[in-house]
Amino acid sequence: MLITEIKPKEEFDIVLKDNLIIIICKGCKEIYLPVVDINNLINELKEKKIKFDTINVDYLCNHEYTKLRTINLKEKIDNADNILVFSCGVGVQVVSSYINKHVVAGCNTLYIHGFQGLTPFIINCEQCGQCFLNYTGGLCPITACSKSLLNGPCGGAKNGKCEIDPEKECGWEKIIDRLQKKNQIELLQIYQNPRKYSLK
Amino acid sequence: MDYTKFRLKPEQEIISVLKDKQNIVVLNCTKCFKEQDMNDQNECGELVPLLKKNNKKIIECIEIDFLCNRHQTEKLITKRTELIKDDITVIIYSCGFGIQAVTEIINKFSPKCEIYTVADTIPQDGHHGMALSIEKCDSCADCVLTYTGGICPVVNCSKGLLNGPCGGAKNGKCEISSDKDCAWEKIYNRLNSIGKIELGKQFFKIRKYSKPDYKTINNYNITIYEKRLQNFFGGVYPDENKEQTRNKQIIQFSIPKIVVLPLSQHTGAICEPLVKIGDKVYTGQKIGDIQSFISAPIHSPVTGKVVAIEPRKHPLIKKDVLSVVIESDNIDEYDVSVVPNNEWESLTKEELLNIIREKGIVGLGGAQFPTHVKLKSPKPIDTLVINGCECEPYLNSDYRIMVERPYSVIFGTLILMKILNVTKSYISIEDNKKEAIEIIKQKLDEFTNTNIEVIELKTKYPQGAERMLIKKLLGREIPIGGLPLDVGVVVNNVGTVSAVYDAVIKGLPLIRRVVTVTGENCINPGNYEIRLGTPIENVIDYCFGSEYKENNNKFILKMGGPMMGVEISGFDMPIIKGTTGLILLSKPDIEINLQRKCIKCGRCVDVCPMELFPLYFGLFTENKQYSEAEKYNVLSCIECGCCDYVCPSKRALVQSVKEIKKNLSVSKK
């Protein structure tokens, strides 16, 4: 369930000509695909009278389905000059592994660190591999602090707001408040070594 | 392949954190993105011995699926507030999402409670899709796959190089590890094999690591979450596909030569025929009835001769049901019992109820529950809700009734209000039917002191389900296994209300209904008022032409909407009281099947409007452990099909629920 946006048109402009197949993956239904932009593009192609075929699929990332579909649609794919895929990066890679042709990606997958599959309410885990939540009252300093500091605030916050953005709350102020409420403020005296970035 | 998100922390770290903690409650997430297995019910396995070895007292080990699903987790944890108190140490065994979600929840009712985690989230290069495939995407927001033959250098090259290999690879293996293939060598080979090696000349500038920021992503996420919580938890937003028939006026469908009337077109006892073969019957004449409380009589929709009384195929029950077959003689002559009555206000409650029963009115939204039974509630009723949501895609029959027959809807509502003796009623309509909302509101203005309110609801499936509707409109929650009347509400469909009007004021029994016919290759899509008993074949011939019948293996014909409709396998079955639509859909290229493994993605839990865990129903059906499913409240499943709709493994979850329910009811007998 990765969030995607349509690429700037000049990146796939050269394939927008006859004998095109457009594969649209609507697997992660709802709003993860820029459907409106894609439909606009399709309408534009229709106006220009370009010969193309649209194939609507779901869960391109699933090998079983994609394999079966490439077999069923073999003839169509063999006759196509270009294949344009609207899906996340995983979908494009799986399709490419079954089609021995130039496959063009139509979407960029947005930069979303630590966001896999499920839709949690808020993105607050970066999967650093060495959870610090035991020492910070259950608030993650890596995601809540703009600088991902581990040993207390930077000193740049004003009235509880981060210096990079007046709308963003200072993560460390929240952590300290939380620890005070829990009478666990002494946890801050434990020194945290620098993160092991090698885990990632 | 396994994309489990967390692992146990090193033992020393756990012990040092829990140094002088004694009474421990463990909250354990049962992990996601791994194949579902009967045996993974006991994930605490590795943790419990470790704690026992260090003399910790474990009060309880609570296992919760998808801890990060805040709505569900909050519901489950707040049930255990008596356990999670301030003097207890809570240990959470989950990924960072789960830990923080639970911390927030516990802080609400027990802010002093000490919460620790014993797990580290497993770092991953890139993100997987909705399948356990090895390809991953680092979501760099600058996809280069077009130029690299569909192999991602950002994820697969150890150095994430964009402009060719580093030169350190030996025999196709990366210099950082001899187990790792050189991604660039693979890319080079792939580009060669597709004859596009010139793509390698594309020069990439340095990646833009800056875009977009957490705030953008979190805002994205919050919108998704708000949509999920809109009106009620869960639900889906399928393509509406209502355009094809939205503006088609209701047309009278031609009277067929032969009608087939199953004597069961309602929930409850099957009627007994009141006519014999060879009898002459008139339009509107009662031909089947039984003295049973939950039942509704059947009337002849045509004038003609009874030619057979024999078991015939029933479209919903899927087996033969005793049916009356009438040959029409093309003269549509009404029976003497069809007498208009304009002075309904002078009738008593009992007289009105009797008319509704005698005219065979049942719920026309598809459930076919006898309306007179619904109106004779043994419990006090204070509110009437008229359901004009029609949340199923494709269908427009209710919408057309509201637009073209607003007075039928309003008078029908007034009749029901008199019967129920309620002072307040709501007509709920989804905001994709603006025209209907306006017309009903406009006509209501002509009345004084009606106390009927039109409510506009945001479109979402399955809004039209009684539970969802009552929760949204009145904030009342129907208990598990209960009915709307348990919370003092009666819900009736717009079509039913209009039929009540026809019955009381026109004296017309339920002999026809509005059916939306639409879908793929439909040459005459529309909203047709069809006599009950009309063979589906007549409708198919007129609306889809004969071409469809020859190629029918490519399509699925559904009675009802695409989400909850029943697949129809033959053309000889008739239109019945519960037929809201006839929809022709292309067969999915990959059929749903319980053979595929559940990958525990948690999406079915995200969309289940009844807040159940549908993934287990598939598992229990596979293992034939039907009684286990009862613990997961399988009986409150409304079979709306949201889980089937989103399941990335395409498992037949609704079918498994039906199988479980069938087996449970057999074992109870």
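One line per chain: the protein sequences are H and X, in this order. Anchor point for the first sequence: position 17 equals 0 in the numbering used here, and the numbering is continuous, going up by one each time. Each number in the numbering used here corresponds to the 1-based position in the second sequence with 76 added. Cβ atoms here follow ideal geometry from the backbone N, Cα and C, with glycine treated the same way.
- The beta carbon of Glu553 (chain X) is closer than 7 Å to those of Lys547 in its chain, skipping five residues each way along the sequence.
- At least 8 Å separates the CB of Cys250 (chain X) from every CB of chain H.
- For Arg52 (chain H), the neighbours in chain X by C-beta distance under 9 Å run, in chain order, Asp665 and Ile666.
- For Cys219 (chain X), the residues of chain H that pass the 8 Å Cβ criterion are Lys(-10), Gly72, Val75, Ala88, Cys90, Asn91 and Thr92, in the order they occur in the chain.
- Looking at X:Met544, X:Gly380, X:Asn323 and X:Lys95, the one whose alpha-carbon comes closest to that of Val479 (chain X) is X:Asn323.
- Counting C-beta pairs with one atom in each stretch, the segment 554 to 571 of chain X and the segment 450 to 458 of chain X have three or more that are closer than 8 Å, which means they touch.
- By the Cβ-count criterion, Cys242 (chain X) is exposed, with fewer than 16 other Cβ atoms from all chains shown falling within 10 Å of its own Cβ.
- In this model, Leu423 (chain X) and Lys582 (chain X) are separated by some 14 Å (Cα to Cα).
- Residues of the segment 472 to 489 of chain X whose Cβ lies closer than 7 Å to any Cβ of chain H: none.
- Residue environment analysis places Asn107 (chain H) among the buried positions, since at least 16 neighbouring C-beta atoms fall within 10 angstroms of its C-beta.
- DSSP, read as helix, strand or coil, puts Phe689 (chain X) in coil.
- For Cys105 (chain X), the enclosing beta strand (DSSP E) covers residues Asn99 to Cys105.
- In terms of beta-carbon proximity, Ala345 (chain X) stays away from the interface with chain H, with every pair separated by 8 Å or more.
- Taking 8 Å as the upper bound for CB-CB distance, Asn134 (chain H) and Tyr192 (chain X) are not in contact here, some 19 Å apart.
- Beta-bridge partners assigned by DSSP to Cys90 (chain H): H:Ile(-11).
- The beta carbon of Gly74 (chain H) is closer than 6 Å to those of Cys8, Leu43 and Cys44 in its chain, skipping five residues each way along the sequence.
- Separation of Asp218 (chain X) and Ile210 (chain X) (C-alpha to C-alpha, rounded to the nearest whole angstrom) is 21 Å.
- In the structure shown, Phe35 (chain H) falls within a strand segment according to DSSP collapsed to helix, strand and coil.
- Membership of Asp160 (chain H) in the alpha helix (DSSP H) is indicated by the continuous run Gly154 to Lys164.
- For Val78 (chain H), the neighbours in chain X by C-beta distance under 8 Å run, in chain order, Gly226.
- For Asn739 (chain X), there is no enclosing beta strand (DSSP E); the residue is part of the alpha helix (DSSP H) that begins and ends at Leu729 to Lys744.
- Nearest Cα to Ala575 (chain X) within the set X:Ser645, X:Thr526, X:Glu626 and X:Ile486: X:Ile486.
- Judged by pairs of C-beta atoms under 8 Å, the segment 228 to 239 of chain X does not touch the segment 78 to 92 of chain H, as fewer than three such pairs exist.
- By the rule that beta-carbons nearer than 8 Å mark a contact, Gly112 (chain H) touches chain X.
- For Leu492 (chain X), the enclosing alpha helix (DSSP H) covers residues Pro482 to Leu496.
- Contact holds between the segment 95 to 105 of chain X and the segment 162 to 171 of chain X, because three or more Cβ pairs, one in each stretch, are under 8 Å apart.
- Flagged as an interface residue toward chain H: Asp196 (chain X), by a C-beta distance shorter than 8 Å.
- Here the C-alpha atom of Glu58 (chain H) lies approximately 12 Å from the C-alpha atom of Asp64 (chain H).
- In the same chain as Phe620 (chain X), and ignoring 5 residues on each side of it, the C-beta atoms closer than 7 Å to its own belong to Asn597, Cys598, Ile599 and Leu660, in chain order.
- Annotation: Glu146 (chain H) is outside any alpha helix (DSSP H) and is labelled neither H nor E by DSSP.
- Residue pairing for Met635 (chain X): DSSP places it in a beta bridge opposite X:Val642 and X:Leu658.
- Arg266 (chain X) and Asn239 (chain X) have their C-alpha atoms roughly 15 Å apart.
- The beta carbons of Gly637 (chain X) and Thr610 (chain X) sit no closer together than 8 Å.
- Contact between Glu348 (chain X) and Thr379 (chain X) fails: their C-beta atoms lie close to 22 Å from each other, not under 8 Å.
- When secondary structure is reduced to three states using DSSP, His342 (chain X) falls in the coil class, being assigned neither helix nor strand.
- In the DSSP assignment, the residues bridged to Thr594 (chain X) are X:Ile659.
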